[in-house]
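What follows is a set of notes on a single structure, which appears directly below.
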Amino acid sequence: MTDHTPRSEEDRIPVRPRKRSASQIADRLALDAIYEIAKTFSGAPDPIAVVPQIFNVLSSFLDLRHGVLAVLSEPGNETKAVNPYRIAATSFRRDESAPASDVLPDAVARIVFRSGVPFVAFDLEEEFGAEAVPRRLRDSGQTLIAVPLRDPERSHFVLGVLAAYRSHDHNRAGYSDADVRVLTMVASLLEQALRFRARIARDRERALEDTRRMLQSVNEQRGVAQPPVSIDGIIGSSPAISEVVAQVRRVAGTKTPVLLRGESGTGKELFARAVHSQSPRAKGPFIRVNCAALSETLLESELFGHEKGAFTGANALKKGRFELADGGTLFLDEIGEISPTFQTKLLRVLQEGEFERVGGQRTLKVDVRIVAATNRDLEDAVARGDFRADLYFRICVVPIVLPPLRNRKADIKPLAQLFLDRFNKSNGTNVKFASDAFDQICRCKFPGNVRELENCVNRAASLSDGEIVLAEELACSQGACLSAELFRLQEGASPIGGLAVGRMITPTVRVSDPGPRNPEPPPAAQSPRVAAPPPEPQVHSEYQPEIPSPYPPMPHAEPEELHQVRRKTANITRDELIRALESAGWVQAKAARLLGMTPRQIAYALQKFDIELRRI
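At position 470 of the sequence shown (counting the first as 1) the number is 469 in numbering that gives the first Met the number 0, and the numbers step up by one without a gap.
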């Protein structure tokens, strides 16, 4: 049946599609670009490797050209002493040996690394000079947009900088708010991809560790004893000590400097001798120097020697430890304790192998393998300016972290038996441990590590009433051992020898409007204009222990620019202090580290706010 109802005038006019505005088109292109980028990251086994493809998408959809990704340099990288970051990916081909400033202005990179917020240079040449503009981009005006890339495990730590350029020839405005939002979203997608990759790596390592433990358990049930690792007195069968011994054997055959890191009492000198004995220099001398036991003047004379008459009491020529260790190995124990003044005197001899005796003028050249050891956090010392960065990079070429005894519990019993045998041989006795005594010892966490275990065995053997040492005769059973209390006080602290970086407090930067083109230059006292930060808060006030990252953070090469500034007591509030103390278990020293203050300032703040210190 046909409908003959007359139609109105409006019904007879065809509906035309609305014409999209320029902003709607830009938003649609930005959404399409983010969609393509998310697909690329989701299927990439290595997120960093596909970043050049991401830059091509940004160039095609949004005209953001010449993308650059800069990340913190890895430990051991020789360029790190010059620049704390490296170029990980670009949208174009470049010479790997070229400096990073050829594609990303050094001043811009440092601003983003330090502040942790997006940055926009509306006219790069006007704000930073013609030298800051890359050579390939100097034909036209350029706007640079840079956003931070945060560590997947620690959101307060800036791991890299993601940047792109917009030519003024293609866009009269040179910049839009969408550019910062898009680059921030790309950085967030990259962070998520890196976090997923890190979790997969941790799960894989956990699965491998479970497999090793299962195989070890099966071998023990079958009666197949795993042969203990023995290299120059190093006893143990745990995976932790086996890995360290494998590292020692791999590095011993080279001339590379080694830095032994670990808590006090882990046997750093023993491992230093192992590096020497497994090397081609085994027949040469092994010279040991305790840097913490000598003053600066005596240390210089001990290491470099002195000429006759160089100072009062120098009645004869004396060869230094460097000269005595020629053709062998020099072990610098407690190197983290030397003064900043003497650190400069070590640089030349460590780099060139040349030095002069005190009071002498003749240059001596030696061939010495350097093995250093410390229980200090050298990265923190570099950040605070207490340890020279250039000296750090010369000694920390191959770092070997010695595991604490609580992480190698399978080695406690054979070590205890070894120390007991030594005691019997030295004293002409025949003391033995009962099985319950061994069980009691194996339950201890030993904050003093192997040295404390040896003292515990010697004490028990010396005070035993008979030839059998029972569990109740041990110090821990008699309330005379303070190990449990010492370990409780140490819990939560950053592991000694780990590449931990001081907590960075991200500042909130006020946004300035781009304004018209060719604006008046800002006064010298004002900072460059910065784009709006991402939606999440930029000041992190939560206090939590540092989490190890699969991407090792970099100790800053220029502490005066990149390290955390000490806070004043007047800048802290009562609530902020209480939160830090609660996170630190009411340990004042740890709360001081979290707040960037000294323990004395914490004590003054407790008195100022009338806060009673709790005992847990």
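Quick reminder that beta carbons are idealized off the backbone N, C-alpha and C, glycines included. Keep in mind the model is a prediction, meaning the values are calculated, not measured.
Per the coordinates, the alpha-carbon of Gly264 lies some 10 Å from the alpha-carbon of Glu453.
Counting C-beta pairs with one atom in each stretch, the stretch 450-470 and the stretch 406-421 have three or more that are closer than 8 Å, which means they touch. The residues Asp150, in chain order, have a CB closer than 6 Å to that of Phe156 in the same chain once the five nearest residues on each side in sequence are set aside. For the set Asp101, Gly140 and Arg113, the Cα lying nearest the Cα of Ala120 is the one of Gly140.
Of the other Cβ atoms in all chains shown, 16 or more fall within 10 Å of the Cβ of Gln600; this residue is therefore buried.
Linking Pro46 to Leu71 through their CA atoms gives a straight-line distance of about 16 Å.
Per the coordinates, the alpha-carbon of Ala177 lies some 8 Å from the alpha-carbon of Ala29. Glu353 sits in a strand when the DSSP states are folded into three classes.
For Ser166, the pairing in a beta bridge is given by DSSP as Gln141. For Asp435 against Leu469, the beta-carbon gap comes to about 7 Å, under 8 Å, which counts as contact. Put simply, the stretch 372-389 touches the stretch 260-280. At least three CB pairs are less than 8 Å apart. The alpha-carbon of Ala251 is positioned some 42 Å away from that of Gln52. The beta carbons of Asn448 and Gly266 sit closer together than 9 Å. Distance between His167 and Pro44, taken at the CA atoms: about 36 Å. Assigned with DSSP and collapsed to three states, Leu414 falls in helix.
With respect to the 9 Å criterion, Phe303 and Val348 are classified as neighbours on the basis of their beta carbons. Between the stretch 424-433 and the stretch 272-286 there are fewer than three C-beta pairs closer than 8 Å, too few to call the two in contact.
Here the C-alpha atom of Arg92 lies approximately 14 Å from the C-alpha atom of Arg134. Taking the CA atoms as reference points, Val160 sits about 9 Å from Gly115. Rounded to the nearest whole angstrom, the C-alpha separation of Ala162 and Val397 is 33 Å. Cβ atoms of Leu390 and Leu346 come within 8 Å of each other, at about 6 Å. By the CB criterion at 9 Å, Tyr164 and Leu182 fall outside the cutoff. For Asn289, the beta-bridge partners assigned by DSSP are Asp332. With contact defined as three or more Cβ pairs closer than 8 Å, the stretch 98-116 and the stretch 196-207 are not in contact. Sequence-distant partners of Lys318 (beyond 5 residues in either direction) whose C-beta falls short of 7 Å from its own C-beta, in its chain, are Gly304.
In this structure, the beta-carbon distance from Ala37 to Leu158 does not fall below 9 Å. The continuous alpha helix (DSSP H) containing Phe392 extends over residues Ala388 to Ile394. Listed in chain order, the non-local C-beta contacts of Arg64 below 6 Å within the same chain comprise Ser58 and Tyr164, local neighbours out to five positions each way being set aside. DSSP places Ala87 in the strand class (E or B) of the three-state scheme.
In this structure the stretch 279-287 touches the stretch 322-329; the number of beta carbon pairs closer than 8 Å is three or more. DSSP places Ala372 outside any alpha helix (DSSP H); the residue lies instead in the beta strand (DSSP E), whose first and last residues are Arg368 to Thr373.
Short of 6 Å from the beta carbon of Phe386, and not among the five residues preceding or following it, lie these beta carbons of its own chain, in chain order: Leu377 and Ala380. Scanning Pro238, Arg194, Ala604 and Leu193 for the CA closest to the CA of Leu207 turns up Pro238. The residue among Glu126, Val217, Thr253 and Ala186 with its C-alpha nearest the C-alpha of Gly66 is Ala186.
Residue range Lys267 to Ser276 is occupied by the alpha helix (DSSP H) that includes His275, with no beta strand (DSSP E) assigned at that position. When rounded, the separation of the alpha-carbon atoms in Gln277 and Gln477 is 43 Å.
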